[in-house]
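The structure appears below as structure tokens.
Residue numbers (this note's numbering), protein chains in the order written: chain A, 7 to 120; chain B, 2 to 116.
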């Protein structure tokens, strides 16, 4: 079945460092791809999405490009802030007959040091 | 803007008890999904409903059941609770009849602790 693999954490960076969190996927069809963020003690928030090959999703300085040839959707940010500390989940929508359940990666915990 | 509402936010139960979790989707959303997130784990899909009918089923134990009502709210019923059921339970909703059908909006979750 469809699956998502993302780099294990925790990832610890200093403020203003460059961030990359790798994500690859396996899917039989053409899923939409997502990055969700979960701040401590909170629910899941959609950070960005891309619905087809070569689409770039972006939000709050984060970017990810849907690469069909490498089946990847790596998350990047040029200059991280302490407030970016959270768990980041790469995910895809598994398009079923009537709905599109989401399959998540294991999550990557990000710590940003001031 | 209205968001997905879940109640209760926290629930503590004893082993073998039952629990009912409620989810109120965003108005006009026609699909509800339930996910379970164990401690330090990724969310796992349990079950979904589209237009009040079960749409898809994931790793939901037989002890659990769910339904979607005429007002589109959904309830997850959990019986014979086990320690391993302690988790954060998320509800998400979407509007499958729109071009943004794959965008799910998550509620804040219900944290269930089984003692």
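Glycine is no exception: its CB is placed at the ideal position from the N, C-alpha and C atoms. These numbers were taken from a predicted model, which means no experiment stands behind them.
> Quick one, are the C-beta atoms of residue 98/A and residue 72/A less than 7 Å apart?
Replying inline: Mapped onto the first chain, residue 98/A falls at position 92. Mapped onto the first chain, residue 72/A falls at position 66. In this structure, residue 72/A does not lie closer than 7 Å to residue 98/A by Cβ.
> Which residue from 31/B, 60/B, 56/B and 3/B puts its Cα closest to that of residue 44/B?
Replying inline: On the second chain, residue 44/B is found 43 positions in, with the first residue counted as 1. Cα-wise, what sits closest to residue 44/B is 60/B.
> In the structure shown, what three-state DSSP assignment does residue 10/A receive?
Replying inline: Along the first chain, one-based indexing puts residue 10/A at 4. Residue 10/A falls in the strand class under three-state DSSP.
>> By the three-class DSSP mapping on this structure, what secondary structure does residue 5/B have?
In response: Position 4 of the second chain, counted from the first residue, corresponds to residue 5/B. In this structure, residue 5/B counts as coil in the three-state DSSP scheme.
>> To be precise: take each residue of the region 67–84 of chain B, compare its Cβ to all Cβ atoms of chain A, and keep it if any distance is under 9 Å. Which residues remain?
In response: For the region 67–84 of chain B, the set of residues with a beta-carbon nearer than 9 Å to any beta-carbon of chain A is empty.
> What in chain B is Cβ-close to residue 99/A, meaning under 7 Å?
Replying inline: By one-based count along the first chain, residue 99/A stands at place 93. Those within 7 Å of residue 99/A in chain B are 103.
> Is there a Cβ from chain A that is less than 7 Å from the Cβ of residue 43/B?
Replying inline: Within the second chain, residue 43/B is the residue found at index 42, counting from 1. True, the Cβ-Cβ gap to chain A drops below 7 Å.
> Does the Cβ of residue 72/B have 16 or more other Cβ atoms within 10 Å, making it buried, or fewer, making it exposed?
Replying inline: On the second chain, position 71 is the one that residue 72/B refers to. By the 10 Å Cβ count, residue 72/B comes out exposed.
> Would DSSP call residue 88/A helix, strand or coil?
Replying inline: Within the first chain, numbered from 1, the residue matching residue 88/A stands at position 82. In this structure, residue 88/A counts as helix in the three-state DSSP scheme.
>> Between residue 110/B and chain D, is any beta-carbon pair separated by less than 7 Å?
In response: The chain labelled as chain D is not found among the protein chains of the depicted structure, namely A and B.
> Near residue 21/B, which residues of its chain fall below 8 Å by C-beta distance, leaving aside the five closest residues on each side in sequence?
Replying inline: In the second chain, the residue the question calls residue 21/B occupies position 20. Answer for residue 21/B: 76, 77, 78 and 79, listed in chain order.
> If you measure from the beta carbon of residue 38/A to each beta carbon in chain B, is any gap under 7 Å?
Replying inline: Within the first chain, numbered from 1, the residue matching residue 38/A stands at position 32. So yes, residue 38/A belongs to the interface.
> Which word fits residue 88/A, buried or exposed, when buried means at least 16 other C-beta atoms lie within 10 angstroms of its C-beta?
Replying inline: Counting from one through the first chain, the residue named residue 88/A turns up at place 82. Residue 88/A counts as exposed, since fewer than 16 other beta carbons sit within 10 angstroms of its beta carbon.
> Can at least three beta-carbon pairs, one atom from the region 22–29 of chain B and one from the region 47–65 of chain A, be found at a separation below 8 Å?
Replying inline: Contact check between the region 22–29 of chain B and the region 47–65 of chain A: fewer than three CB pairs, one atom from each, fall below 8 Å, which does not count as touching.
>> Measuring straight from C-alpha to C-alpha, what distance separates residue 16/A and residue 94/A?
In response: Counting from one through the first chain, the residue named residue 16/A turns up at place 10. Counting from one through the first chain, the residue named residue 94/A turns up at place 88. Cα to Cα, the separation comes out at about 10 Å.
>> To the nearest angstrom, how far is the alpha carbon of residue 13/A from that of residue 28/A?
In response: For the purposes of this step, residue 13/A is taken as the residue at position 7 of the first chain. For the purposes of this step, residue 28/A is taken as the residue at position 22 of the first chain. Taking the straight line from one Cα to the other gives about 5 Å.
>> Let me check one thing: in DSSP terms, what residues is residue 117/A bridge-paired to?
In response: As a working note, residue 117/A is residue 111 in the first chain. Paired residue(s): 18/A.
>> Judging by CA-CA distance, which residue of 6/B, 11/B and 7/B is the nearest neighbour of residue 115/B?
In response: Mapped onto the second chain, residue 115/B falls at position 114. The candidate whose alpha carbon is nearest that of residue 115/B is 11/B.
> What do you reckon, are the CB atoms on residue 26/A and residue 75/A nearer than 7 Å?
Replying inline: As a working mapping, residue 26/A is identified with position 20 in the first chain. As a working mapping, residue 75/A is identified with position 69 in the first chain. With respect to the 7 Å criterion, residue 26/A and residue 75/A are not classified as neighbours on the basis of their beta carbons.
>> Helix, strand or coil for residue 84/B? Go by DSSP, reduced to three states.
In response: In the second chain, the residue the question calls residue 84/B occupies position 83. Note: residue 84/B maps to helix in three-state DSSP.
> Curious, which full-length beta strand (DSSP E) runs of at least 3 residues does the region 44–75 of chain B contain?
Replying inline: Listed in chain order, they are 45–51, 54–58 and 65–69.
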